[in-house]
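K.L.:
My questions all concern the structure below.
Protein chains: 2
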Amino acid sequence: MGVELWHEAELLAADAVGDVIEHWGFRKVLGRVWTVLYLSGETLPAVDIADRLSMSAGSVSTTLTELQRWAVVKRVWKPGERREYFEAETDFWKMISKVIAERERFVARSVRDRLESAAELLGRGRDAGSKARLERVQRLLAFTNVAEKMIDTFVASRRADFGSFGDLLSLPRGITQRLRRA
Amino acid sequence: MGVELWHEAELLAADAVGDVIEHWGFRKVLGRVWTVLYLSGETLPAVDIADRLSMSAGSVSTTLTELQRWAVVKRVWKPGERREYFEAETDFWKMISKVIAERERFVARSVRDRLESAAELLGRGRDAGSKARLERVQRLLAFTNVAEKMIDTFVASRRADFGSFGDLLSLPRGITQRLRRA
DNA sequence: CACATCGTTCAGATTTTTCTGAAAGTTCGG
DNA sequence: CCGAACTTTCAGAAAAATCTGAACGATGTG
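Right, dumping it as structure tokens:
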């Protein structure tokens, strides 16, 4: 009875986080699995996750591997225990920072490179069409460079100045109430 | 001949932008179509876009409609002309601001609501499991609220302070060189 | 008014993503 | 060395996203 109560809440939260994560371009399950681990507050074996989220063992395995790749879940070996346990990273800041560092930066670079190729091609053209387009590709490049610099700064400092809220990300306890209607 | 040169560059750039856009959770074509319009520097009829990107008329139509919904492309009626023309929004800042305002804010709210429901459920539980989870759901909520506040501030000011690069987003000409290796 | 030119819509086809379940791999106790 | 308890891998199934093409609607033209 009591168990069913928090289980329902857990699914609700897991699904909500799943949506955010999907919005960031990952699969929903990644968010769900992380949330179950996070909410449990302790390490869990893969089977427990499969049970709670009604997933197949294979899917859980794949998902956990991917979560580890993003350093969002850690594998914990317990001496004497046959099975392995998994633990959620709890530092939101660290997680976001990691994702931005790896993913966003990669995309930004890849795009800049291609835009530069395009600019190079257009630079060769003598016709009006090429000239007109070159100028606009350069604007795109300028924008890309700004974005790239922002990302680098963000990642390097691990604490870019988003307005004045940066500090809150390290989540002091009990702040929920104050923020709720702030 | 000359035409083929810039056409190739155009496709290259369009594809690069398409990838960024896909990374943001939209379809690649949205980025491609916008880019073709942006680079052309003038208004274009739907057919031209279909030709340049080898898309079906239907797909172009759907895509243009969606781009208009995001205020990233405008429809332009030319007196005396039978067909309609389309024009790309060129203000990157305005576009991003719009997307964040509509999309991110929506997700943030939806997630917060669901997390609050979960917290409410957990608050009823008397068992240890519920209590332990409640605390963590509240941390998620605190984080969500911070994110929401950031988004609101960003959108309200239309110029949040991302490091010290905010100003550059309005792209003064010729800045490309300076930034390239800065 | 019949015709020609476009844009829109949407059912069905195609492609891509994601999941499942079974087989194979690993580790440990006996 | 065998069997039990787990995990990983991956081919094929299932589901989701995306695109095409044809039918239709609208608008202007002769």
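First to last, the sequence lines map onto chains C and R.
For the first sequence, our numbering assigns the number 1 to the initial residue and increments by one for each residue that follows.
For the second sequence, our numbering assigns the number 1001 to the initial residue and increments by one for each residue that follows.
Where a beta carbon is used, it is the ideal one built from N, C-alpha and C, also for glycine.
When the cut-off is 8 Å and only beta carbons count, does A13 (chain C) lie next to chain R?
P.N.:
The count along the first sequence starts at 1 and reaches residue 13 (chain C) at position 13. Yes, because at least one Cβ of chain R sits closer than 8 Å to the Cβ of A13 (chain C).
K.L.:
Answer with yes or no whether the minimum CB distance from F1026 (chain R) to chain C is below 8 Å.
P.N.:
Sequence index remark: in the second sequence, residue 1026 (chain R) carries index 26 (1-based). Judged by the 8 Å Cβ criterion, F1026 (chain R) is not in contact with chain C.
K.L.:
At the level of alpha carbons, what is the spacing between K131 (chain C) and R112 (chain C)?
P.N.:
The residue labelled residue 131 (chain C) in the question sits at position 131 within the first sequence. The residue labelled residue 112 (chain C) in the question sits at position 112 within the first sequence. Using only the alpha carbons, I get a separation of about 19 Å.
K.L.:
Any beta carbon from chain R within less than 8 Å of W6 (chain C)'s own beta carbon?
P.N.:
Taking the first sequence and counting its residues from 1, the one referred to as residue 6 (chain C) is at position 6. Output row for W6 (chain C): interface = yes.
K.L.:
Can you grab the Cα-Cα spacing for the pair V1047 (chain R) / A1088 (chain R), in whole Å?
P.N.:
Locating residue 1047 (chain R) in the second sequence gives position 47, where the first residue counts as 1. Locating residue 1088 (chain R) in the second sequence gives position 88, where the first residue counts as 1. Looking at the two C-alpha atoms, the distance is approximately 16 Å.
K.L.:
Exposed or buried, S1097 (chain R), counting other C-beta atoms within 10 Å across all chains shown (16 or more means buried)?
P.N.:
Counting from 1 along the second sequence, the entry for residue 1097 (chain R) is found at position 97. S1097 (chain R) is buried by the Cβ-count criterion.
K.L.:
To the nearest angstrom, how far is it from the Cα of A160 (chain C) to the Cα of W93 (chain C)?
P.N.:
Looking up residue 160 (chain C) in the first sequence gives position 160. Looking up residue 93 (chain C) in the first sequence gives position 93. Because A160 (chain C) sits at a pLDDT of 42, beneath the cut-off of 50, its placement in the model cannot be relied upon, and the following sentence gives the value as read from the coordinates. Rounded to whole angstroms, A160 (chain C) to W93 (chain C) spans 11 Å at the Cα level.
K.L.:
What three-state label does DSSP hand F143 (chain C) in the structure shown?
P.N.:
By one-based count along the first sequence, residue 143 (chain C) stands at place 143. Here F143 (chain C) sits in helix by DSSP.
K.L.:
Which stretch, first to last residue, makes up the alpha helix (DSSP H) that contains K94 (chain C)?
P.N.:
Here residue 94 (chain C) refers to the residue found at position 94 when the first sequence is read from its first residue. It spans 92-99 - the alpha helix (DSSP H) in which K94 (chain C) sits, taken as one unbroken run.
K.L.:
Assuming F86 (chain C) and V73 (chain C) form a contact by the criterion Cβ under 8 Å, report the distance between their Cβ atoms to the nearest whole angstrom.
P.N.:
Sequence index remark: in the first sequence, residue 86 (chain C) carries index 86 (1-based). Sequence index remark: in the first sequence, residue 73 (chain C) carries index 73 (1-based). The pair is a contact, with the Cβ atoms about 5 Å apart (cut-off 8 Å).
K.L.:
Do you know how far the Cα of E8 (chain C) is from the Cα of N244 (chain C)?
P.N.:
This structure does not reach residue 244 (chain C), given that chain C is present from 1 up to 182, and the question cannot be answered.
K.L.:
By the criterion of Cβ-Cβ separation under 9 Å, what are the contact partners of F86 (chain C) in chain R?
P.N.:
Here residue 86 (chain C) refers to the residue found at position 86 of the first sequence. Residues of chain R passing the Cβ test: none, with the nearest at roughly 16 Å.
K.L.:
Going along chain C, which residues have a C-beta under 8 Å from R1124 (chain R)?
P.N.:
Locating residue 1124 (chain R) in the second sequence gives position 124, counting from the first residue. Here the neighbours are L5.
K.L.:
List, in chain order, every chain R residue whose beta-carbon is nearer than 9 Å to that of L140 (chain C).
P.N.:
Reading the first sequence from its first residue, position 140 is the one you call residue 140 (chain C). Per Cβ cutoff of 9 Å: A1013, A1016, V1017, T1035, Y1038, L1039, F1092.
K.L.:
Comparing alpha-carbon positions, which option in C:R27, C:E120, C:T35 lies nearest L1141 (chain R)?
P.N.:
Residue 1141 (chain R) sits at position 141 when you count from the first residue of the second sequence. For the residues C:R27, C:E120, C:T35, the minimum Cα distance to L1141 (chain R) belongs to C:T35.
K.L.:
Quick check on F1086 (chain R): does DSSP put it in helix, strand or coil?
P.N.:
In the second sequence, the residue the question calls residue 1086 (chain R) occupies position 86. F1086 (chain R): strand per DSSP, three-state reduction.
K.L.:
Quick one: grab the DSSP three-state call for R75 (chain C).
P.N.:
Numbered from its first residue, the first sequence carries residue 75 (chain C) at position 75. Strand at R75 (chain C).
K.L.:
State the Cα-Cα distance for the pair M150 (chain C) and G25 (chain C), rounded to the nearest angstrom.
P.N.:
The sequence position of residue 150 (chain C) within the first sequence is 150, counting from 1. The sequence position of residue 25 (chain C) within the first sequence is 25, counting from 1. If I take the Cα positions, the gap works out to 20 Å.
K.L.:
Just checking: is the beta-carbon of R105 (chain C) within a distance shorter than 8 Å of some beta-carbon in chain R?
P.N.:
Residue mapping note: residue 105 (chain C) aligns to position 105 of the first sequence, counting from 1. No, because no Cβ of chain R sits closer than 8 Å to the Cβ of R105 (chain C).
K.L.:
Do L1053 (chain R) and R1032 (chain R) have their C-beta atoms closer together than 8 Å?
P.N.:
Within the second sequence, residue 1053 (chain R) is the residue found at index 53, counting from 1. Within the second sequence, residue 1032 (chain R) is the residue found at index 32, counting from 1. Yes, these two residues count as a Cβ contact at 8 Å.
K.L.:
For a contact meaning CB atoms closer than 8 Å, what does L121 (chain C) contact in chain R?
P.N.:
Stepping through the first sequence from its first residue, residue 121 (chain C) is reached at position 121. Residues of chain R passing the Cβ test: L1005, W1006, E1008, A1009, L1012.
K.L.:
Between which two residues does the alpha helix (DSSP H) holding W1034 (chain R) run?
P.N.:
Numbered from 1 along the second sequence, position 34 holds the residue referred to as residue 1034 (chain R). It spans 1028-1040 - the alpha helix (DSSP H) in which W1034 (chain R) sits, taken as one unbroken run.
K.L.:
Does any CB atom of chain R fall closer than 8 Å to the CB of K130 (chain C)?
P.N.:
As a first step, residue 130 (chain C) must be located in the first sequence, where it is residue number 130. Reading the sequence as shown, one finds Ser at residue 130 (chain C) and not Lys. By this cut-off, S130 (chain C) is an interface position.
K.L.:
So, does the CB of V20 (chain C) fall closer than 8 Å to a CB anywhere in chain R?
P.N.:
Counting from one through the first sequence, the residue named residue 20 (chain C) turns up at place 20. Yes, contact with chain R.
K.L.:
Quick check on the DSSP output: the alpha helix (DSSP H) that includes D1127 (chain R) runs from which residue to which?
P.N.:
Taking the second sequence and counting its residues from 1, one reaches residue 1127 (chain R) at position 127. That residue, D1127 (chain R), is in no alpha helix (DSSP H); it is neither H nor E in DSSP.
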